[in-house]
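First comes the structure, then the notes that go with it.
In my numbering, the protein residues as written are 88 to 489.
Here you go:
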């Protein structure tokens, strides 16, 4: 794998850390600004909305520059947003800083996925994408716990300053290691938008929303579930989330490896197993050991879907995949928001803290049905599900093979 993937992974590590570390620092931030915890929660909601809307916006704005320059600009935006958060004199200013940083998120992963795929041979594309996303998964194992510890020990502002420093390292790595690939000739914004007329692209994005939404339906409410149902102490939740992060790392690498060999079968297995495990979580949540194992499995199975789904979008939007790739990153966040809302509804309805697991299982099962539908439509059209047919696209002609 090229060293350029390391630079992309470092950037992904910083972005993953800033996205999730705020959840462990909300009490400190709320206390410093004198706002309620629900009000401080807007720092999470604002970031998610910024990712959803920023992904297509920043990608469209970047159509006139090379991908390397756009990645550098996005890391610059990320640095500015985190510095603004670290230095914010008022809550509103910090919220603006969070939104500024979030605007880089979707476009970075979307454009980065395209760049990662172009750095390697065609049979290694999903593996290259998974290497970049490894930075995001490792952030949940290392960056978020350490960032939370630093924030609780010496102040949350220090945490965001460190995250900004990670952005500087990522920016330097991209500038030094990522090759300045020429822009594909003849690809315009209308070509990027045309990808959304492809039903297979839309199905892949719907699979992303439902599949990863299934994961977050359970994980969003993991703290009350583990403390009130399983009987863990409050301090144990951090380490349970580390187990979830370790599962994400393993699942991401496995998903990338097998997606290059058999993409659709990999989706069938991971989505089907995810639905089963989430349903079983309603039972295993009553036992400490079984719940810990289940949490790791949810992380593994959930992130095993990420490289194949991202590659699926790239394959189906061949010729002009950049915007579709970025929008698919926004689809992950849409799934997170949708599942968190649905999980909250079933808890509020009195079904208990394990009820979101059933919501997650239903969402994952829905994603599996869409995967089967997608493959059936391809078979009817006579197109192999793991092969992009037709003449080489403008973007494929610029691919760098190693």
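Positions of the beta carbon are idealized from the N, C-alpha and C atoms, including for glycine.
Among 464, 461, 163, 146, which has the Cα closest to the Cα of residue 250? 163
Taking Cβ positions, are residue 396 and residue 317 nearer each other than 9 Å? no
Cβ-Cβ distance between residue 410 and residue 147 below 9 Å: yes
Ordered along the chain, which non-local residues of its own chain (more than five positions away) have a Cβ less than 7 Å from that of residue 187? 164, 167, 168, 171
Cutting at 7 Å between CB atoms, please list the residues of its own chain near residue 142, excluding the five before and the five after it. The answer, listed in chain order, is 193, 194, 197, 413, 414, 416, 417.
Below 6 Å CB to CB, which residues in the same chain sit around residue 452 once its five sequence neighbours on both sides are set aside? 362
Exposure label - residue 398; buried when at least 16 CB within 10 Å: buried
Are there 16 or more other CB atoms within 10 angstroms of the CB of residue 105, so buried, or fewer, so exposed? buried
Which runs of the alpha helix (DSSP H) spanning at least 4 residues fall entirely within the stretch 365–448, listed in chain order? Counting only unbroken stretches of 4 or more residues, the alpha helix (DSSP H) elements lying wholly within the stretch 365–448 are 375–391, 393–403, 409–435, in sequence order.
For residue 342, which residues from the same chain have a beta carbon less than 8 Å from its beta carbon, with the 5 sequence-adjacent residues on both sides left out? 213, 217, 353, 357, 390, 391, 392, 393, 394, 395
Taking contact to mean at least 3 C-beta pairs separated by less than 8 Å, is the stretch 363–381 in contact with the stretch 301–313? yes
Reduced DSSP category for residue 144 - H, G, I as helix; E, B as strand; rest coil: Correct three-state label for residue 144: helix.
So does the stretch 93–102 actually touch the stretch 249–265, counting three or more Cβ pairs closer than 8 Å? Contact holds: three or more Cβ-Cβ distances are below 8 Å.
From this set, 461, 184, 205, 220, which residue's C-alpha is nearest residue 134's C-alpha? 184
Throw me the rounded Cβ distance for the residue 232 and residue 325 pair, which I believe falls under 8 Å. 6 Å
Residue 462 and residue 282 - do their beta-carbons sit closer together than 9 Å? no
Hey, quick one: how far does the alpha helix (DSSP H) through residue 180 stretch, first residue to last? Secondary structure note for residue 180: its alpha helix (DSSP H) is the uninterrupted segment 178–205.
Let me check understanding here. Comparing Cα to Cα, which of 262, 119, 244 lies closest to residue 156? 262
Assign residue 240 to buried or exposed, taking buried as 16 or more other Cβ atoms, counted over all protein chains shown, within 10 Å of its Cβ. exposed
From residue 265 to residue 191, what does the alpha carbon distance come to, in whole angstroms? 18 Å
Identify, in the order they occur along the chain, each residue of the same chain with its Cβ nearer than 6 Å to the Cβ of residue 422, setting aside the five sequence neighbours on each side. 296, 299, 300
I need the straight-line Cα distance from residue 140 to residue 149, nearest angstrom please. 15 Å
In whole angstroms, what separates the C-alpha of residue 110 from that of residue 468? 46 Å
Simplified DSSP assignment, three categories, for residue 308: coil
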